[in-house]
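Asker: Below is the structure I would like to discuss, written out as structure tokens.
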Amino acid sequence: MTISQEKLKELETKWQGLVAQELKTDKPNLTKSVGLDLRAPILSYQAQATHCRQFATAPLSFTLTRAEDFSWESFQELYQQGVYDFILDPFVLGWSTQECRSFVKAHRQAAQDFAGRIWGLGDLYGLGSQVLHAQGLTRWGAHGVHELGLLIHQFIQWAQSNDKALGVALAVEMETDFFKSIAKKRALSLMLESVLETLGRLDLSSSVKIIARAPLRSFTAFDCHSNILRNATALSAAYLSGCDVVESLPFDLLIKLDEAQRIQAQRLSLTSQLVLQSESKLSEINDPAYGSFTIETLTELYLKEAWTFMQQLQTQELSEAAVRELAEKNWQDLTVQFNKRRLVQSGVNDFALPQAHVELHQRWLKTDHVRLGRAFEELRVKLENKIAVRVALVGTYASLQARANFTKNYFELLGLTVEERVFSSTAEAREWLSGASVGTWVTSDQLHAECFAVSQRTYLAGKTSVSGCLNIYAGQDVFSELKALAQWIEARGER
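Here our numbering is used: the first residue of the sequence shown is 168, the next is one more, and so on.
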């Protein structure tokens, strides 16, 4: 049966209407496809599936996060429990180049005799297969595109070298953005295949492994149990995209805990892998992300941008200084978004627990661009004088609840105690606030004209300019405001 062009157009219009209703938009993009010229609307809405030839099932892994925990006996015990991959990263351990060289010299033979696989990054290369990574670039604040481009650049150099007997692994950092992480790994796999095919060395495919690193940039010290969820999200993305080695970090990575809690954290890092592999079956389906429009589109974006960046590195179009400048610019953009809470980390720049107290491990008190939450956390840790902030609500609580919650959350980011009271008039609230070191007005906009500075340091929830009052509102640079408050508190030396 042949369908006329008019009938096909009518069916397409009807279908677009149905999709628009489902997507809650008036202008659905039904014609965006990747290289496909299909007429049927339902098919033209799908992207061209980009299928990876190899799909791996990763065994259990363990990452050494504390140097004092190392012993071959403990590694052997983990191996007997089912752990096969062991990752040693100088950056996570905080080891210098000299410490790494001494460790490799002392343990090279033991690593070769060990039944499991040892993956030594950076200066720990020599314990096993070579690991290519872009950690130096990501520490400058680089985007995932820059990371992929540098990895492929290094891989081309490896593929053209003579030392390929032991194979190679590429370490790519997963993120808490689930779909981007999957697309990132798939883009890397496809670029690896393209390089090997171009060089006529597809025989090396089996010698190349991909290590999915945990989302270190997103780990937090405060509300550290949220790291379990961040880690699980990255694990899921790594299993769905078919990584050969999948790293799982303990939630206590950044802080000091007692021995019982540390054992629990290590246990959870292992059981997270077991649950996702054995109970969720994520590692038993061959390429489950195959054919997804969202993932395929993101994969294509990563492919195009990362390949362009790689070519710029290959032709030396970009100098090291220019690459670092790009990375720094990306980090500045991320920092601005984070400080304004357009990017949120639970327990750090939003939804904080004011009574929480942590002791940051000395390893992580460094001025690098590894973690978004570092500045917020260090500001809170260094503030010893945890004063109380009085928040006066003038009006009905129901009408002011949103502003009240915002204000309470704002000051709790510094670990400050917030005292709230509801008043029927500004005169009553004024008397109560006058006895506070830090006080805040929370009222409707109509009452802002009746508010003025009465506390030693007075804030107003809103953008209205009031003489003597500081404003707090959504979209401002929260970190700068909290830093100024912390400096004021410490200068007064109050409790």
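From the three backbone atoms N, C-alpha and C, an ideal C-beta is built for every residue, glycine too. Owing to the predicted nature of the structure, the values given are computational and were not obtained by experimental measurement.
Between the Cα of G283 and those of S228, A336 and R306, spot the shortest distance and give me the residue it belongs to.
Answerer: The count along the sequence shown starts at 1 and reaches residue 283 at position 116. Cα-wise, what sits closest to G283 is S228.
Asker: Which residues mark the beginning and the end of the alpha helix (DSSP H) in which F573 is found?
Answerer: Taking the sequence shown and counting its residues from 1, the one referred to as residue 573 is at position 406. Note, F573: alpha helix (DSSP H), Y564 to E579.
Asker: Mapping DSSP to helix, strand and coil, what is I656?
Answerer: Within the sequence shown, residue 656 is the residue found at index 489, counting from 1. Note: I656 maps to helix in three-state DSSP.
Asker: Spatial neighbours of S591 within its chain, please: C-beta separation below 6 Å, excluding the five flanking residues on both sides.
Answerer: Looking up residue 591 in the sequence shown gives position 424. There are no such residues.
Asker: Given a cut-off of 9 Å on the beta-carbon distance, is the pair V645 and R508 in contact?
Answerer: Position 478 of the sequence shown holds residue 645. Position 341 of the sequence shown holds residue 508. The answer is yes: Cβ separation under 9 Å.
Asker: With I430 as the anchor, note down where its alpha helix (DSSP H) starts and where it stops.
Answerer: Residue numbering aside, residue 430 sits at position 263 when the sequence shown is read from its first letter. That run of the alpha helix (DSSP H) goes E426 to L441.
Asker: If you draw a straight line from the C-alpha of P382 to the C-alpha of T343, how long is it?
Answerer: The count along the sequence shown starts at 1 and reaches residue 382 at position 215. The count along the sequence shown starts at 1 and reaches residue 343 at position 176. Straight-line Cα distance between these residues: approximately 7 Å.
Asker: Determine the DSSP secondary structure at Y469, reduced to helix, strand or coil.
Answerer: The residue you call residue 469 lines up with position 302 of the sequence shown. Helix at Y469.
Asker: Can you name the residues that DSSP bridges to N638?
Answerer: Here residue 638 is taken as the residue at index 471 of the sequence shown, counted from 1. N638 is bridged to L627.
Asker: Using DSSP with H/G/I as helix, E/B as strand and the rest coil, what is G289?
Answerer: Along the sequence shown, one-based indexing puts residue 289 at 122. Here G289 sits in helix by DSSP.
Asker: Could you please give the first and the last residue of the uninterrupted alpha helix (DSSP H) stretch that includes V362?
Answerer: Position 195 of the sequence shown holds residue 362. First-last of the alpha helix (DSSP H) with V362: F345 to L366.
Asker: Using CA coordinates, which residue listed in G606, E657 and F505 is at the minimum distance from A555?
Answerer: Along the sequence shown, read from residue 1 onward, the residue named residue 555 stands at position 388. Checked all of G606, E657 and F505; the closest Cα to A555 is G606.
Asker: Can you grab the Cα-Cα spacing for the pair W307 / L315, in whole Å?
Answerer: Position 140 of the sequence shown, counted from the start, is the residue given in the question as residue 307. Position 148 of the sequence shown, counted from the start, is the residue given in the question as residue 315. Taking the straight line joining both Cα atoms gives about 15 Å.
Asker: In terms of residue numbering, what span does the beta strand (DSSP E) encompassing E342 cover?
Answerer: In the sequence shown, counting from the first residue as 1, residue 342 sits at position 175. Where E342 is concerned, there is no enclosing beta strand (DSSP E), given that its DSSP letter is neither H nor E.
Asker: Which partner residues of L255 appear in the DSSP bridge assignment?
Answerer: Along the sequence shown, one-based indexing puts residue 255 at 88. G287.
Asker: Taking the C-alpha atoms as reference points, what is the distance between A489 and Q321?
Answerer: Stepping through the sequence shown from its first residue, residue 489 is reached at position 322. Stepping through the sequence shown from its first residue, residue 321 is reached at position 154. Each residue's Cα considered, the two are about 18 Å apart.
Asker: Are there 16 or more other CB atoms within 10 angstroms of the CB of L369, so buried, or fewer, so exposed?
Answerer: The residue labelled residue 369 in the question sits at position 202 within the sequence shown. Burial call: exposed.
Asker: Locate the beta strand (DSSP E) running through I377, then write down its first and last residues.
Answerer: Walking along the sequence shown from the start, residue 377 turns up at place 210. Unbroken beta strand (DSSP E) run through I377: V375 to R380.
Asker: Could you give the distance in angstroms between the alpha-carbon of T464 and the alpha-carbon of K650?
Answerer: By 1-based counting over the sequence shown, the position of residue 464 is 297. By 1-based counting over the sequence shown, the position of residue 650 is 483. Whole-angstrom Cα-Cα distance: 41 Å.
Asker: So L480 packs on L317, CB below 8 Å; how close in whole Å?
Answerer: Locating residue 480 in the sequence shown gives position 313, where the first residue counts as 1. Locating residue 317 in the sequence shown gives position 150, where the first residue counts as 1. Right, their Cβ atoms sit about 7 Å apart.
Asker: Using a Cβ-Cβ cut-off of 7 Å (strictly less than) and excluding sequence neighbours within five positions of C219, which residues of its own chain qualify?
Answerer: In the sequence shown, counting from the first residue as 1, residue 219 sits at position 52. Only weak support exists for where C219 lies, its pLDDT of 49 falling under 50; the value from the coordinates is given anyway. If we look at C219 and ignore the five residues flanking it on each side, its Cβ neighbours are R353, S356, L357, G409 and D454.
Asker: Does I452 come out as helix, strand or coil in the three-state DSSP assignment?
Answerer: Mapped onto the sequence shown, residue 452 falls at position 285. If DSSP states are grouped into helix, strand and coil, I452 belongs with coil.
Asker: With H, G and I counted as helix, E and B as strand and the rest as coil, what does DSSP make of F590?
Answerer: The residue you call residue 590 lines up with position 423 of the sequence shown. If DSSP states are grouped into helix, strand and coil, F590 belongs with the strands.
Asker: Buried or exposed, going by whether 16 or more other CB atoms sit within 10 Å of the CB of G249?
Answerer: Numbered from 1 along the sequence shown, position 82 holds the residue referred to as residue 249. By the neighbour-count rule (16 or more Cβ atoms within 10 Å), G249 is not buried but exposed.
Asker: Under DSSP, the alpha helix (DSSP H) around F242 begins and ends at which residues?
Answerer: Residue mapping note: residue 242 aligns to position 75 of the sequence shown, counting from 1. That run of the alpha helix (DSSP H) goes W239 to Q247.
Asker: In the structure shown, what three-state DSSP assignment does F229 receive?
Answerer: Along the sequence shown, read from residue 1 onward, the residue named residue 229 stands at position 62. It is a strand residue.
Asker: Which residue from S436, T631 and W262 puts its Cα closest to that of H615?
Answerer: The residue labelled residue 615 in the question sits at position 448 within the sequence shown. With distances taken between Cα atoms, H615 lies closest to T631.
Asker: Inspect the CB distances between the region 438 to 453 and the region 253 to 268 and report whether three or more fall short of 8 Å.
Answerer: In short, these stretches do not touch, since the Cβ pair count stays below three.
Asker: How big is the Cα-Cα spacing for A405 and R397?
Answerer: Along the sequence shown, one-based indexing puts residue 405 at 238. Along the sequence shown, one-based indexing puts residue 397 at 230. Taking the straight line joining both Cα atoms gives about 13 Å.
Asker: Check A519 in the structure and name its three-state DSSP category.
Answerer: Sequence index remark: in the sequence shown, residue 519 carries index 352 (1-based). Residue state, collapsed to three classes: coil.
Asker: Contact between the region 548 to 566 and the region 288 to 300 is defined here as three or more beta-carbon pairs at a separation below 8 Å; is this criterion met?
Answerer: No, because fewer than three Cβ pairs between the region 548 to 566 and the region 288 to 300 fall closer than 8 Å, the two stretches do not touch.
Asker: Mind checking if G602 is an interface residue toward chain B, Cβ cutoff 9 Å exclusive?
Answerer: The structure shown has no chain B; it contains just one protein chain.
Asker: Hey, would you say V271 sits closer than 9 Å to G261, going by beta carbons?
Answerer: Translated into the one-based positions of the sequence shown, residue 271 becomes position 104. Translated into the one-based positions of the sequence shown, residue 261 becomes position 94. No. Outside cutoff.
Asker: Taking only the alpha-carbon atoms, compute the straight-line gap between S393 and L178 and give it to the nearest angstrom.
Answerer: Position 226 of the sequence shown holds residue 393. Position 11 of the sequence shown holds residue 178. Approximately 48 Å between the Cα atoms of the pair.
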